[in-house]
Structure formats: structure tokens, C-alpha cells
Amino acid sequence: MEREQELQSYWISNIKYIAVLLSIWFVVSYLCGIILVDQLDAFSIAGFPVGFWFANQGAEVTFCLLILVYVRLMNRLDKKYNVFED
Amino acid sequence: MSITTWTWVLIGITFAIYILVAIRARALSTGAFYAAERTIHPVLNGMATGADWMSAASFISMAGLISFMGRDGSMYLLGWTGGYVLLAMLLAPYLRKYGKFTVPSFIGDRYYSQSARIVSLLCAIFISFTYVAGQMRGVGVVFSRFLNVPINTGVVIGMCIVFFYAVLGGMKGITYTQVAQYCVLIVAYLIPAIYISIMLTGNPIPALGFGSSISADGARLLNDSSLQGRYLLDALNGIHRDLGLAEYTSGVRPKIDVFFIVVALMVGTAGLPHVIIRFFTVPKIRDARASAGWALIFIVLLYTAAPAVAAFARTNFIKSIHNVHYADAPDWFKNWEETGLIAWVDKNDDGIMQYGPGKVFAGPPKYSGTTGHYGQAMVTNVVCNDPNELYIDQDIMVLANPEIARLPNWVVALVAAGGLAAALSTAAGLLLVIYSSISHDLMKGVLMPSMSEKGELLWARCGAAGAVVVAGLLGIFPPGFVAQVVAFAFGLAAASFFPAIIMGIFNKKTNVYGAMTGMIAGIGFTAIYIVYFKFINPGANKPDNWWLGISPEGIGTVGMLINFALLITVSKFTPEPPQEIQDLVGRLRYPVERTRGETKVTTRARSPY
């Protein structure tokens, strides 16, 4: 029964990670790249208007980082809760 | 060597590689045929997924689309990458733990229902056939443009290659050829991009180059010394303003439509069966997560270069054509004139080509076969009133880009080999979904459950052969609606599979009643909306008539929301799923239970029906 609860808290930690990472996913793509794009375009970094950059490259690169972070977090969590594979 | 010779050589070499790989990776069991024995390294699987995912459209058309849409074009970049985050976190690891071969078999088992299995297998087959028709056509188009081979001969050549490695090698053969195809296509895409980036801005990384300023050499190439030292995007915006076009970095599409399209593309990506099944081929759960990350990195390599290619090509293009006398037009212009990708109508009869806002003429160009005053190919289309004199097909931005930038012949040929790699790899992945749905889900799962391993393998090979032939026929006789139904593939994937799979994993209480009502309502709504605007009343397909301003491309998002809503509500008021299903869902949520002595994900070579 105790083990059941452990597995349950493993699942809840997983969901927390997902919630945080998907919020960032939403912010960089939908918020910065679509909803607030015109406001951000008022600023420029090098030759890029900021909103344009998020939509074209920034969000895509962040997506890669988000998955890498998730993979790392989950590998650690698998170890912690003794559910890792050999 | 000429461009044609180079093209034959490069295509010959790449095809020989694909065949060799296929012979070495023959599949002898159903496990190998459907899931490559689950032995693929996550990095290799990432590459294979990248090739699987990036189709003829990504390779040939996307940069061109972006260069005509400006900032609005970024919806494809966002929509076609964001789905991998969803895959890595919400789908891939749990489906890999489940350990079956196909998406319909997961849905059928999770919702303990043959009808759910049949609905989803019909969806899988429909989505994959709509998608594959375009790929086979793409193979034919590349052959015809670069080698002057009739389109249909090109389709047949492509069919033979795919037939060979899909029927012989199954998933195993397809995976290793896709790895080779990824290498070919990424090299073919990046080399011209890097060349052009260096020529225009001096920056060897295209993704950074298009935020840099134009170098002295670049200004010389563009024949405009005033551009030297200006940021490329600034210069391009200036060029657009002078021509009376909207600024390149501004968007004109309504935000709400862009939002819904991006959601539909992202969720559709995560729900496309040919992408999902790639994650069944890796040995471990953690490999499934990592593999999604690798896939995205390999995709983003191309996707960050695409908007750069778009901006470079656009600048180069306008500068080398606009206000130039036809007699002085560059060679590539005349080379591509007869292919239907480019045309000039001298509206003001001054012999000078002018580019501007609006349409040149109605529809795609129809050549009369005669040449005009200045030697230009004449068209018989009805000419529009707008001042624009140049018709430019979006595909030319990638296909002719190396010639526009005067790159060596072998680079031009490389683009042809890359386009073929992109089209063939996606076609193979889709065919795999079609034949595994037929042999594994329909024959073994529904019609002949007692079939032996050998019998199933035979059905799989026959299914593969049949699917290749049908796909080839669709490429040779393209139904007029191929272009219109691509929205269908994504919309349907978003409105059907995605909610059923997600809720099947994240909520133990969702049951067959909710899943069936949700899927049928989601598919029905999406299909009716698209069919109405694309087929029944195409004249009404305008923003004013769209519901809430959402285009048919984005309506899959609404279908998905309807599916979710019904799935949750109906499940609440109907009997819970049986206890063993709830336990099964519980077990999907962790990799292995070490306290019970599990150390590896059990992989059943056979599925227990």
C-alpha cells in the first residue's frame, strides 16, 4: 500500500513537471509568437524584431530545451522512485 | 559536369545507398516488421523521425510559403515543431510502455471495444492515404523538373524504390533508410543555405545570418550599394514598402486564425500515427522521451534555416528581377519559365519586368506555346488589373534558389536528391501505418484473430505491396483535391486520436462511451466544416464567412475541444471502465516496478488477442 502511494507521488511529480514545462511552451509560442507579437516587434535584438524572432526561431529552440530538461528531470525521478530501467 | 549529369549521379548514389541498407536490414518477424524489434538507438530513431516527419512539403514548399507570407508563415514553423513537446511529455513514453505496434490497437484495448478499434483504424488509413498521395506526386515532380522525365515515370521509379525497402525490410528497413535519407536531406538543405548566407551577410550560420547586416559582397550581389551595412530584414522591409507590399516582418492574418491553426498543427502532429509509431521502435521508456528530443533537434536544424532561406531568397529574387529588362533577365529565369513555376506578362508593354502587389492573372499559368515580343513565354490566362507582372510559384524559392545565387551545379543537383529523400522517407512511414493497420488491426485484430505469426507477416507484406501500388496510382492520377485535404489530415488527427490517447492515459475513468462519442463528434464536426468550405461551397471560403474567423485549416482545434468536452462529460455519466483496464492505465504511468523485480519493459513479440 505504501508502494502504491509512492508510485502515486511519482505520477504527481511527473504531472507537476509537465505543467511547468508546458506553461513555458505556451508562453514562448502562443504568447510571445502570436498574441503579443506586435507589441514585442517594437523592440529589436540585432536585426530581429523580437516577436518575429520568437515566432521564427526562439520558440522552436526553446521547445528543444524543454524536452531536454524534461528528459533529465524524469531520468532523475525514475531513479528516486526506483522505477528506472536497466 | 552539367546539372543534369550531376543530378543523375547524386540520385543514383543515394538510391543505391537506400537499396543496400534495405538488403542489410531485412525483417523476418512481425516484431521486426512493425517495430524494428525495438532495438533502434534513440539518436538514430530521432533522425528517422525527422526524415519521416519532414515531407516533400517541408523540404520544397515551406521556405517558399514563408517568403510569401512573411511573419504569418511562422505558423508552420511553430505548428510543425511544438507537437514534439506534447509527444515527449504526454504520449510517447506511455505508449511505448504499453508495448503494442499500432495506434488503433492501443485505442481498441484501452477502450475495450472493437468498434473503437475500427473507427481509429479507418482514421489512420484515411489520414495516411491523403498524406501519401502528395508525397508520391512530389517524387514525380522532382524527377520532371530536374531531369525532364515525365511526372508519371518519376512516380513509378519512386514506387519501385519504396516497394523494395518497405516490403522487404518493414519497419527495420524503413528506419535505417530514413536515417540515410535524413542525412541526405539535411545536407542538401543546409549547403545552399550556408552558401547564400555567407554571400549576403558573411555569416556562415543561416539562422543568424538573416538577423545580420548585408556585407559589401552581398550588396554587390544584389546590385545595390545602398544596402551595404543595413540589417537584411530592414532592407527587405524597405524593398517591400517601395513595391507597395506589406512589410515582410509584419503579419496580416487575423490573430485568432493563426492561433487556431498553430494549435491544430501542433496537436495534429502529436496525433499523426506515422509519427507516434516511430516511438515504438526504441528499447526503453527513457529512450522514447529522449528520442522525441533528438527528433526535434534534427527537425529544428532545418526549421531554423527555413525562414532564413525564405528571407534570403526573397531579397535576392526581387532584386534580380524587378525593374530588369527581359533581355537582361538571368539564365535561371528563362530555364524555369517553361516549368509553370514562373511567368511574365508585359502589361505596360515596356519590356521591363515589374513586381508588385496583387495578381498577374487568374489561376496557374497556361502557356500558349508561342513567344512574345521579347522572347518571353506567352500565357493564355485572363490577365488581372493589378500592376504586378510576375507570376512566381512558391516552390521556386527552394528549387531554384541555388541557381538564383549562382551556386555550383552539384549544389543544384543536391537539392533534387534532398527533395526525393524527403518525399520517399515520409511516404515509407505512411505506408507502414497503412499496412500495419490492415494486417495487424484489421486482419489479425478483427477478422482473423487466430492467424499465425507467419500468416500475419504474409498479410503485412501483401498489405505493404498493395498500399505502395495504391499510393503510386494516387500519385499518377492525383485526385484534384490533394492540396485541399492536407488540412484534413491534421484536423482529423487532432480531432480524433489526440484526445482519446491523452485521456486514456491521464484519466483512468474515461470509458468507451465517452471515447466513441468524442471521436465521432470531433471527426464529424471537423469533416463537415472542411468539406463545406473546400468542396460544397469553395466560393464562400473567406474570412467573413468563417465561424469566429477560424479557417478550415484551424478548425481541427475546435473539433479537438468538442472531442475533449464530450469525452469527459459522457464518461462521467456512464459506467466506469472495468477494474483491469484501470489497473492497466495505472501501470502505464511508470516505466518498471523494481520492487516487483521488473528491470526491463517487457516486450511481447506477440500480442495477446
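Each protein sequence line maps, in turn, to chains A and B.
Mapping of the first sequence onto the numbering used here: position 71 corresponds to residue 71, and the numbering continues sequentially without gaps.
To convert a position in the second sequence, counted from 1, into the numbering used here, add 86.
Ideal Cβ positions, reconstructed from N, Cα and C, are used throughout, including at glycine.
Since the model is a prediction, treat every value here as computed from it, not as a measurement.
So the candidates are Leu313/B, Leu294/B, Ser406/B and Gly297/B; which of them puts its Cα closest to the Cα of Thr303/B? Looking at the sequence itself, residue 303/B is Asp, so the reference to Thr does not match. Per the Cα distances, Leu313/B.
What are the boundary residues of the alpha helix (DSSP H) that includes Leu87/A? Nothing about residue 87/A can be reported from this structure: the residues present for chain A run from 1 to 86 only.
Tell me which residue opens and which closes the beta strand (DSSP E) that Leu476/B is part of. Leu476 to Ile478
Residues near Val465/B in its chain [Cβ-Cβ closer than 7 Å; skip 5 each side]: Ala429, Val431, Phe447, Pro451, Lys452, Tyr453 and Ser454
Are there 16 or more other CB atoms within 10 angstroms of the CB of Thr456/B, so buried, or fewer, so exposed? exposed
Alpha helix (DSSP H) runs contained entirely in the stretch 36–75 of chain A, provided each spans 4 or more residues: Every alpha helix (DSSP H) stretch that sits fully inside the stretch 36–75 of chain A and reaches 4 residues is listed by chain position as 37–40 and 50–53.
Measuring from the CB of Ala134/B, is there a heavy atom of the ligand ADP at a distance below 6 Å? The model on display carries no ligand, and the ligand ADP is accordingly not part of it.
Do Arg675/B and Trp11/A have their C-beta atoms within less than 7 Å of each other? yes
Near Ile524/B, what residues of its chain come up, given a Cβ to Cβ distance below 6 Å and the 5 sequence neighbours on each side ignored? Gly549
Considering only their Cβ atoms, is the gap separating Met222/B from Ala557/B smaller than 7 Å? yes
Which of the three DSSP states is assigned to Gly455/B in this structure? strand
Runs of beta strand (DSSP E) lying entirely within the stretch 403–472 of chain B, each at least 3 residues, in chain order: 428–430, 453–457 and 463–465
DSSP-derived helix/strand/coil call for Arg692/B: Summary for Arg692/B: the model assigns pLDDT 41, below 50, so the residue's position carries little reliability, and this model does not support an answer.
Comparing the C-beta of Val83/A with each C-beta of chain B, is any distance below 7 Å? yes
How many angstroms separate the CA atom of Ala376/B from the CA atom of Thr167/B? 15 Å
Which residues share a DSSP beta bridge with Tyr317/B? Ser299/B
Buried versus exposed, by CB contacts within 10 Å (16 or more), Gln89/A: In the structure as shown, chain A begins at 1 and stops at 86. Residue 89/A is therefore absent and cannot be evaluated.
What does Arg157/B touch in chain A if you count any residue whose Cβ is under 9 Å from its own? Val37, Asp41, Pro49, Gly51, Phe52, Ala55 and Asn56
Taking only three categories from DSSP, how would you classify Ile204/B? helix
Short CB-CB distance (under 7 Å) between Ile24/A and chain B: no
Using a Cβ-Cβ distance cut-off of 7 Å, determine whether Ile12/A contacts chain B. no
Going by Cα to Cα distance, which pick from Lys594/B, Ile562/B and Phe611/B is closest to Leu578/B? Phe611/B
I'd like to check one pair, Ala514/B with Val248/B: are the Cβ atoms closer than 7 Å? yes
How many angstroms separate the CA atom of Asn597/B from the CA atom of Leu358/B? In a straight line, the C-alpha of Asn597/B is about 22 Å away from that of Leu358/B.
At the 7 Å Cβ level, is Met529/B part of the contact set with chain A, yes or no? no
Residues, ordered as in the chain, of the stretch 677–689 of chain B that lie near chain A by beta-carbon distance below 7 Å: Pro677, Val678, Glu679, Arg680, Thr681, Thr685, Lys686 and Val687
By the three-class DSSP mapping on this structure, what secondary structure does Gly683/B have? coil
Contacts around Ile591/B, its chain only, beta-carbon distance under 7 Å, and the 5 residues preceding and following it disregarded: Tyr180, Val671 and Leu674
List the whole-angstrom C-beta distance separating Gly259/B from Ala486/B, where the pair is believed to meet the contact cut-off of C-beta under 8 Å. Actually they do not touch by this definition, with Cβ atoms about 34 Å apart.
Name the chain A residues that come within less than 8 Å of Pro393/B, Cβ to Cβ? Asn56 and Gln57
Starting from Ile291/B and walking both ways along the alpha helix (DSSP H), at which residues does that stretch end? Counting along the chain, Ile291/B falls outside any alpha helix (DSSP H), and DSSP gives it neither H nor E.
Can you list, in chain order, the residues of its chain with a C-beta nearer than 7 Å to that of Ala553/B? Leave out the 5 residues immediately preceding and following it. For Ala553/B, where only same-chain residues beyond five positions count, the Cβ hits under 7 Å are Leu517, Ile520 and Tyr521.
Between Phe576/B and Ala356/B, how many whole angstroms is the CB-CB distance? I'm expecting something under 8 Å. Wrong, their Cβ atoms sit about 10 Å apart, outside the cutoff.
Please give me, in chain order, every unbroken run of the beta strand (DSSP E) with length at least 3 that falls completely inside the stretch 148–229 of chain B. none
So, Gly220/B versus Ile67/A, is the Cβ gap smaller than 7 Å? no
In terms of residues, what are the limits of the alpha helix (DSSP H) holding Cys548/B? Glu539 to Ile562
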